[in-house]
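Student:
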Amino acid sequence: MNIRPLHDRVVIKRLEEEQKTAGGIVIPDTAAEKPQRGEVVAVGNGKPLDNGETRKPEVKVGDKVMFGKFSGTEIKIDGDEVVVMREDDILAVVA
Amino acid sequence: MNIRPLHDRVVIKRLEEEQKTAGGIVIPDTAAEKPQRGEVVAVGNGKPLDNGETRKPEVKVGDKVMFGKFSGTEIKIDGDEVVVMREDDILAVVA
Amino acid sequence: MNIRPLHDRVVIKRLEEEQKTAGGIVIPDTAAEKPQRGEVVAVGNGKPLDNGETRKPEVKVGDKVMFGKFSGTEIKIDGDEVVVMREDDILAVVA
Amino acid sequence: MNIRPLHDRVVIKRLEEEQKTAGGIVIPDTAAEKPQRGEVVAVGNGKPLDNGETRKPEVKVGDKVMFGKFSGTEIKIDGDEVVVMREDDILAVVA
Amino acid sequence: MNIRPLHDRVVIKRLEEEQKTAGGIVIPDTAAEKPQRGEVVAVGNGKPLDNGETRKPEVKVGDKVMFGKFSGTEIKIDGDEVVVMREDDILAVVA
Amino acid sequence: MNIRPLHDRVVIKRLEEEQKTAGGIVIPDTAAEKPQRGEVVAVGNGKPLDNGETRKPEVKVGDKVMFGKFSGTEIKIDGDEVVVMREDDILAVVA
Amino acid sequence: MNIRPLHDRVVIKRLEEEQKTAGGIVIPDTAAEKPQRGEVVAVGNGKPLDNGETRKPEVKVGDKVMFGKFSGTEIKIDGDEVVVMREDDILAVVA
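Residue numbers (this note's numbering), protein chains in the order written: chain A, 1 to 95; chain B, 101 to 195; chain C, 201 to 295; chain D, 301 to 395; chain E, 401 to 495; chain F, 501 to 595; chain G, 601 to 695.
1) Can you tell me whether Asp380 of chain D is buried or exposed, with buried defined as 16 or more other CB within 10 angstroms of its CB?
2) Answer with yes or no whether the minimum CB distance from Glu539 of chain F to chain G is below 9 Å.
3) For the region 351 to 383 of chain D, enumerate the residues whose C-beta is nearer than 8 Å to any C-beta of chain J, in chain order.
4) In whole angstroms, what separates the C-alpha of Val11 of chain A from that of Asp189 of chain B?
5) State yes or no: is the C-beta of Arg514 of chain F within less than 9 Å of the C-beta of Gly544 of chain F?
6) Using a C-beta to C-beta distance shorter than 9 Å, which residues of chain G count as neighbours of Val11 of chain A?
7) Taking the alpha-carbon positions, what's the Leu291 of chain C to Phe370 of chain D distance?
8) Let me check one thing: in DSSP terms, what residues is Phe367 of chain D bridge-paired to?
9) Whole angstroms are fine: how far does the CA of Pro257 of chain C sit from the CA of Arg304 of chain D?
10) According to DSSP, simplified to helix, strand and coil, what is Glu316 of chain D?
11) Report back the beta-carbon spacing between Met201 of chain C and Ile375 of chain D to the nearest angstrom; my notes put them in contact at under 8 Å.
12) In chain order, what residues of the same chain lie with their CB nearer than 6 Å to the CB of Leu206 of chain C, ignoring the 5 residues before and after it?
13) Taking the straight line between their C-alpha atoms, what separation do you get for Thr73 of chain A and Arg86 of chain A?
14) Which stretch, first to last residue, makes up the beta strand (DSSP E) that contains Lys676 of chain G?
15) Closer than 7 Å by beta-carbon distance: list the chain F residues that pair up with Leu449 of chain E, in chain order.
16) Reducing DSSP to helix, strand and coil, say where Gly246 of chain C ends up.
17) Among G:Val682, G:Asp650, G:Gly646, which has the Cα closest to the Cα of Lys660 of chain G?
18) By how many angstroms is the C-alpha of Asp450 of chain E removed from the C-alpha of Lys464 of chain E?
19) Answer with yes or no whether the minimum CB distance from Ala42 of chain A to chain B is below 9 Å.
20) Between Arg209 of chain C and Pro348 of chain D, how many whole angstroms is the CB-CB distance? I'm expecting something under 8 Å.
21) Just verifying my parser: in three-state terms, what is the DSSP assignment at Asp229 of chain C?
22) Would Glu187 of chain B pass as an interface residue toward chain C - the criterion being a Cβ-Cβ separation below 9 Å?
23) Taking Cβ positions, are Val41 of chain A and Val82 of chain A nearer each other than 9 Å?
24) Just how far apart, CA to CA, sit Gly652 of chain G and Ile377 of chain D?
25) Can you list, in chain order, the residues of its chain with a C-beta nearer than 8 Å to that of Lys534 of chain F? Leave out the 5 residues immediately preceding and following it.
26) What does the alpha-carbon distance come out to for the pair Gln336 of chain D and Val384 of chain D?
27) If I measure Cβ to Cβ from Gly162 of chain B and keep anything under 8 Å in the same chain, skipping five residues before and after, which residues do I get?
28) Nearest-angstrom Cα distance between Glu116 of chain B and Glu616 of chain G?
29) Under a three-way DSSP split, which group does Val382 of chain D fall into?
30) Quick one: give me the first and last residue of the beta strand (DSSP E) that Pro357 of chain D is part of.
31) Mind checking who Val311 of chain D pairs with in its DSSP beta bridge?
32) Enumerate in chain order the residues of its own chain whose CB-to-CB distance from Ala131 of chain B is below 6 Å, with the five nearest sequence positions on each side excluded.
33) Check Pro205 of chain C in the structure and name its three-state DSSP category.
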């Protein structure tokens, strides 16, 4: 996927909910709600700081992450729906 | 539990309410309300500061903590419901 | 009381209202309203600053303080109801 | 009056309205409204700055000051009603 | 007028509207609206900055200035109605 | 026009809409809406920064600029209606 | 197009939606919604920082970018409708 998120943004592809996985990740299966779990597919250069420097992101491509229900903006790239959000909206990196 | 909260976030497992404990912690037993007491199960690297440094967290895994009713976001990991919040939403560390 | 408030928070035990005290502290006796006077029972390490340092608190355990009606969060510790608030919500230290 | 306001707060005793004074201070005599003029009876150590320093207050005990209608919090000390406000809520020092 | 505005505040005496003046200043003559033009009668020491310094004001006593309709707080001093506002609420200095 | 805008403010004289100009500037001709195009007639000293310095403005007198519909405050100077806004409310400098 | 956006603003010409492109960019074809994809046609000098420096923009003229539905302000230049937004409102640069 040829996309470079700007500044401290991250592009995430939502992962369909898996009832029981080896790593044991379970998401409430309310059909209406989109999964809050996904894989990082692109990471920006990082957050521009007030002193002119840029802070390197903590997540990297391939990380599995969890995020809030209302985080980010949905866009379509190469026919795929992805969500673009600020790194700071990511709650945690999971196995 | 294999989870790394991002930045200054902390993962907390709520502790069921104990009427009278040795340490003497009592929570109003309104069934509807979730306990505001829990145990820290994972801590992020700390809060990224404007000057590019990162401030180490004050809490550590295993700490028993108290937090506000509406703090954090509920997620499920390994079948367990945990709550992810900013360290600054934690009111206090208790015995 | 075994509690360590986080960062710039302070734990205060409300002092029942005294009509006339030696030190002369009088609180409007509207039964519904909780006293806005209390004693400091625990103090955090202080406010973490943007430059990475921590600012020492101005109040200490034992200080009698006054605070706004809606300041802080009520929690129960050892069967006692206390209120946890930011140091900056404290109006003044009184005799 | 034994009270030490915290940080950049100031304790002010409202001055009853004087129709015509030598110094010539006149306040609209709407009975409902509390006077916006008062005398400083206690001053805190000053505003804690982000760089860890504290900025000395510009007003001192005894100054006559004017402030906005809705500024500050009313409390009673030694039977006296005073108002506690941030120094920055004070509009001006008057004769 | 014996008044010292605090910090970055300025005291302004509104100037009655002049239809056509040499300097050519015209204000919409909606009787209800107070003139947005006035003369500076007192200036504070200046804005206290986060680094502990104070920024000198750009306006001085005697300057004719224009300001927004809702800027500042009305107070009476020596029987005169003046308006106290932050220097930053002043739009411009006019002839 | 004898006017010195304060700090980072700029005074702009709206330019009547030109359907087709050499420079090719076209504005939607909704009669009700005021043109969002104008000429800079006065520029302040620049934005006062937190470190005590002042940042020089990027626009200068004579620049043709575009700005948002709701930007700035209308005032009358020498019988002319002008709009005073922060430099940061200017969208772009156009030919 | 002779336009210089101010500070950290960018001028973008929306790209009509292409169902299937070599680069594979697909936009939900709700006729009412304007495409959230466009080409950068002008870039400002960059964001002025609090320390007086200016941070160079990350995007350049010719970049294809994606942005949120409600980002920016529509203006017409040389008969063309373009949208002017802050660089930080751009989600990502795409092929």
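Don't be surprised by glycine CBs; every beta carbon is placed ideally from N, CA and C.
Tutor: Reading it off the structure:
1) Here residue 380 of chain D refers to the residue found at position 80 of the fourth sequence. Around the beta carbon of Asp380 of chain D, a 10 Å sphere encloses fewer than 16 other beta carbons of the protein chains shown; the residue is thus reported as exposed.
2) For this step, residue 539 of chain F is matched to residue 39 along the sixth sequence. Taking Cβ atoms only, chain G never reaches closer than 9 Å to Glu539 of chain F, which makes this a no.
3) The structure shown contains no chain J; its protein chains are A, B, C, D, E, F and G.
4) Here the question's residue 11 of chain A lines up with position 11 in the first sequence. Here the question's residue 189 of chain B lines up with position 89 in the second sequence. Taken atom to atom, the span from the alpha-carbon of Val11 of chain A to that of Asp189 of chain B is near 27 Å.
5) The count along the sixth sequence starts at 1 and reaches residue 514 of chain F at position 14. The count along the sixth sequence starts at 1 and reaches residue 544 of chain F at position 44. No; because the gap between Cβ atoms is not below 9 Å, this pair is not in contact.
6) Residue 11 of chain A sits at position 11 when you count from the first residue of the first sequence. Below the 9 Å Cβ cutoff, chain G contributes Leu691, Ala692 as neighbours of Val11 of chain A, in chain order.
7) Your numbering for residue 291 of chain C matches position 91 in the third sequence. Your numbering for residue 370 of chain D matches position 70 in the fourth sequence. Roughly 16 Å between the two C-alpha positions.
8) For the purposes of this step, residue 367 of chain D is identified with residue 67 of the fourth sequence, where counting begins at 1. Within the DSSP secondary-structure output, Phe367 of chain D pairs in a beta bridge with D:Ile390.
9) Your numbering for residue 304 of chain D matches position 4 in the fourth sequence. Your numbering for residue 257 of chain C matches position 57 in the third sequence. Those two C-alpha atoms are separated by around 14 Å.
10) Walking along the fourth sequence from the start, residue 316 of chain D turns up at place 16. If DSSP states are grouped into helix, strand and coil, Glu316 of chain D belongs with coil.
11) Here residue 201 of chain C refers to the residue found at position 1 of the third sequence. Here residue 375 of chain D refers to the residue found at position 75 of the fourth sequence. Contact flag wrong, Cβ pair sits at about 26 Å.
12) Residue numbering aside, residue 206 of chain C sits at position 6 when the third sequence is read from its first letter. Here the set comprises Gly244.
13) As a working note, residue 73 of chain A is residue 73 in the first sequence. As a working note, residue 86 of chain A is residue 86 in the first sequence. About 10 Å.
14) Here residue 676 of chain G refers to the residue found at position 76 when the seventh sequence is read from its first residue. Where Lys676 of chain G is concerned, the enclosing beta strand (DSSP E) stretches over 673 to 677.
15) Translated into the one-based positions of the fifth sequence, residue 449 of chain E becomes position 49. Simply Asp550, Gly552.
16) As a working mapping, residue 246 of chain C is identified with position 46 in the third sequence. Coil.
17) As a first step, residue 660 of chain G is located in the seventh sequence; it is residue number 60 there, counting from the start. Just measuring C-alpha positions, the residue of G:Val682, G:Asp650, G:Gly646 sitting nearest Lys660 of chain G is G:Gly646.
18) Here the question's residue 464 of chain E lines up with position 64 in the fifth sequence. Here the question's residue 450 of chain E lines up with position 50 in the fifth sequence. Computed Cα separation, rounded: 30 Å.
19) Here residue 42 of chain A corresponds to residue number 42 of the first sequence, with the count starting at 1. Answer no: the Cβ-Cβ gap between Ala42 of chain A and chain B never drops below 9 Å.
20) Along the third sequence, read from residue 1 onward, the residue named residue 209 of chain C stands at position 9. Along the fourth sequence, read from residue 1 onward, the residue named residue 348 of chain D stands at position 48. Not a contact, Cβ separation roughly 15 Å.
21) As a first step, residue 229 of chain C must be located in the third sequence, where it is residue number 29. Caution is warranted here: a pLDDT of 49 is assigned to Asp229 of chain C, below 50, making its placement in the model unreliable, and the coordinate value is therefore given only provisionally. Asp229 of chain C falls in the coil class under three-state DSSP.
22) Here residue 187 of chain B refers to the residue found at position 87 of the second sequence. Interface residue, yes.
23) As a first step, residue 41 of chain A must be located in the first sequence, where it is residue number 41. As a first step, residue 82 of chain A must be located in the first sequence, where it is residue number 82. Taking 9 Å as the cut-off, the Cβ atoms of Val41 of chain A and Val82 of chain A count as close.
24) Here the question's residue 652 of chain G lines up with position 52 in the seventh sequence. Here the question's residue 377 of chain D lines up with position 77 in the fourth sequence. A direct Cα-to-Cα measurement between Gly652 of chain G and Ile377 of chain D gives close to 48 Å.
25) To locate residue 534 of chain F, count along the sixth sequence from 1; it is residue 34. Contacts found: Arg514, Lys569.
26) Mapped onto the fourth sequence, residue 336 of chain D falls at position 36. Mapped onto the fourth sequence, residue 384 of chain D falls at position 84. Going by the C-alpha atoms only, they are around 13 Å apart.
27) Here residue 162 of chain B refers to the residue found at position 62 of the second sequence. Cβ within range, chain order: Glu139, Val140.
28) Taking the first residue of the second sequence as position 1, residue 116 of chain B is located at position 16. Taking the first residue of the seventh sequence as position 1, residue 616 of chain G is located at position 16. Distance from the CA of Glu116 of chain B to the CA of Glu616 of chain G, rounded to the nearest whole angstrom, comes to 56 Å.
29) Here residue 382 of chain D is taken as the residue at index 82 of the fourth sequence, counted from 1. Correct three-state label for Val382 of chain D: strand.
30) Against the fourth sequence, residue 357 of chain D aligns to sequence position 57. Secondary structure note for Pro357 of chain D: it is in no beta strand (DSSP E), with a DSSP letter that is neither H nor E.
31) Position 11 of the fourth sequence, counting from 1, holds the residue named residue 311 of chain D. Here Val311 of chain D is bridged, per DSSP, to D:Ala342, D:Val384.
32) In the second sequence, the residue the question calls residue 131 of chain B occupies position 31. In this prediction, Ala131 of chain B has a pLDDT of 45, which is less than 50 and means its spatial position is unreliable; nothing more can be read from the coordinates.
33) Here residue 205 of chain C refers to the residue found at position 5 when the third sequence is read from its first residue. Pro205 of chain C: strand per DSSP, three-state reduction.
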